[in-house]
């Protein structure tokens with residue numbers, strides 16, 4: 010059976026709760042104060058079976074401006090909105106605010122119920138209809154059904170049910186997603202059962218008997234039972250309004266805003282990188298302004314770090330980092346709402362771009378450039394992007410999972426990166442292909458340097474080389490050793506690491522010349538000397554020098570760019586990496602940009618670009634270079 014979540018919205022005392030009761034027979038006002046004051050303060054819940062195939066969960070939200078925070082919590086995760094507008098009053102302040110919140114939360118469908126039509130005449134009703142349609146112009150509710158209703162006489166209720174059913178049939182089925190996530194909107198104790206929490210399932214599935222993790226507390230909890238619409242079920246999935254009976258936790262340990270997730274999947278973060286829009290009615294927003302951040306059912310204070318300006322003007326959109334005072338459990342693509350610190354009004358909202366940004370320091374403009382590249386990226390491209398920026402650290406499966414939208418498993422997403430020849434796995438971590446090439450090269454150089462410094466040693470322990478390589482996951486290091494040994498560059502044995510059987514026997518003078526040639530090209534970076542210049546500087550006979558250069562080329566220490574230009578292999582790899590990073594961000598590369606990228610003159614820039622074209626890294630399109638298909642590494646190992 011199709012499950013659809015409908016949320017009410019509208020100004021205080023416009024009859025939302027009465028309308029829900031008339032539709033479902035359920036009074037959603039459950040608090041004593043709500044009964045006494047006749048207004049909804051907190052969220053209420055009801056359900057309605059519209060057909061044999063469609064069942065609706067209704068989240069009834071408060072309309073009073075003091076309880077908008079509860080409205081935001083209730084509106085998160087809904088599939089469509091039932092906008093309630095009283096015929097005797099028309100559009101009011103919270104009508105406008107609730108509509109803006111729904112738009113920021115990504116709600117795309119809905120309808121309007123004009124309530125209390127028994128209190129107005131036909132002329133007034135038509136005037137209100139016209140005003141409502143004008144109010145909805147340019148919003149996701151433009152053209153939506155507007156149904157005149159009365160909870161007192163029953164007028165329009167059948168038409169409202171029919172329109173709800175039609176809209177529900179158009180709601181797309183939700184993808185299961187990779188892992189379970191459900192923000193909690195209510196926690197209570199039920200006699201004979203214990204602690205029960207409710208919420209809308211955002212992704213994944215959970216079954217009775219499964220273990221879930223409660224964030225941010227990190228508690229491991231067993232699922233004792235599950236209910237949907239008061240009926241016991243064995244499993245719940247995306248879009249369900251679920252009640253979860255939990256073992257091992259008391260009601261007092263839970264609060265609205267906590268999140269139930271599959272163990273070891275989602276992570277907490279104290280800052281998020283987002284696309285943010287400031288409402289046209291809001292005041293200008295200054296850099297580092299204190300705000301209220303609403304995601305899911307959680308609310309926390311935070312500060313907005315503008316990345317490309319000092320003030321965001323009303324109606325503008327930009328990319329920002331929000332620093333939070335309490336951690337949240339978001340995912341890329343999640344919607345959020347921002348309200349001002351004081352006065353407390355809705356001022357904007359947007360979408361999460363990176364839910365777990367790196368804590369490493371980065372300049373604002375550089376971060377803005379990275380985030381700009383993320384907008385609209387499919388999951389596999391997002392993962393490739395973050396692999397590229399992770400450089401030699403790579404990403405663990407969980408870190409990679411946190412960078413995707415959770416619409417598919419991270420294994421499926423990484424498979425797309427592999428198919429395009431841009432990713433590799435090493436020691437259980439994911440890497441951009443060129444990062445593995447760089448790691449292998451660094452390991453080779455580290456081993457060679459050790460034996461250069463210790464010529465009388467035959468073996469070196471793995472631990473000594475690992476210490477020289479710096480902080481690295483042990484499984485990655487072991488896998489890296491096997492890769493380099495498989496390439497024939499080193500030998501592994503029970504005694505440790507040794508060099509491959511020596512090649513040509515060189516005299517001490519030839520060894521000195523060889524090292525001199527290597528050193529000259531390594532120090533020159535991307536502005537290397539000619540072979541003749543190196544031979545002259547080192548006092549090397551040309552015929553000997555050419556033989557030694559050939560040996561260095563065979564060993565892979567040098568790369569021939571053109572007939573006249575040789576390049577140290579490390580700088581060739583770094584050139585490829587810089588070009589690929591630039592293309593991920595900008596999409597194209599001019600000769601001028603390339604010169605700035607490496608700090609070289611045109612003398613070197615043109616041969617380098619032609620080399621990159623020939624190796625499948627780039628392709629020339631007019632006066633610019635673009636990424637060539639699936640991309641290459643620039644040269645073979």
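Residue numbers (my numbering): 10 to 646. C-beta: ideal position from N, C-alpha, C; glycine also.
Taking 9 angstroms as the cut-off, the Cβ atoms of residue 212 and residue 221 do not count as close. Sequence-distant Cβ neighbours of residue 571 in its own chain, meaning closer than 6 angstroms and more than five residues away, are 616. Cα atoms of residue 118 and residue 452: separation of roughly 56 angstroms, rounded to the nearest angstrom. In terms of CA proximity to residue 115, 88 leads the group 543, 88 and 425. In this structure, the alpha-carbon of residue 340 lies about 7 angstroms from that of residue 411.
Note on the stretch 168-203: whole beta strand (DSSP E) runs with a minimum of 3 residues are 190-192 and 195-199, in chain order. If you check the CB distance, residue 504 and residue 577 do not come in under 9 angstroms. By the neighbour-count definition (other C-beta atoms within 10 Å, threshold 16), residue 352 is an exposed residue. Between residue 314 and residue 332, the CB-CB gap stays under 9 angstroms.
In the assembly as shown, residue 178 is an exposed residue. Its beta-carbon has fewer than 16 other beta-carbons within 10 Å.
The beta carbons of residue 404 and residue 488 sit no closer together than 9 angstroms.
Residue 506 sits in a strand when the DSSP states are folded into three classes.
Taken through DSSP and simplified to helix, strand or coil, residue 69 comes out as strand.
Here residue 364 really is in contact with residue 281; their C-beta atoms are around 6 angstroms apart, less than 8 angstroms. DSSP lists no bridge partner for residue 610. Taking 9 angstroms as the cut-off, the Cβ atoms of residue 64 and residue 11 count as close. The straight-line gap separating the alpha-carbon atoms of residue 587 and residue 625 is approximately 15 angstroms. Taking C-alpha positions only, residue 421 is separated from residue 297 by approximately 38 angstroms. DSSP places residue 579 within a helical segment (H, G or I) once states are collapsed to three. Around the beta carbon of residue 428, fewer than 16 other beta carbons lie within 10 angstroms, which makes this residue exposed. Inter-residue distance for residue 442 and residue 16 is about 47 angstroms (C-alpha atoms, whole angstroms). Spanning the alpha carbons of residue 320 and residue 300 requires a straight line of approximately 14 angstroms. Nearest Cα to residue 150 within the set 383, 90, 631 and 324: 90. Bounds of the alpha helix (DSSP H) holding residue 131 are 131-145. Taken through DSSP and simplified to helix, strand or coil, residue 397 comes out as helix.
DSSP, read as helix, strand or coil, puts residue 277 in coil. The three-state reading of DSSP puts residue 447 in helix, counting H, G and I together. Assignment of residue 282 by DSSP, reduced to helix, strand and coil, places it in the strand class.
The stretch 250-266 makes contact with the stretch 199-217, as at least three CB pairs between them are under 8 angstroms. Membership of residue 91 in the beta strand (DSSP E) is indicated by the continuous run 89-95.
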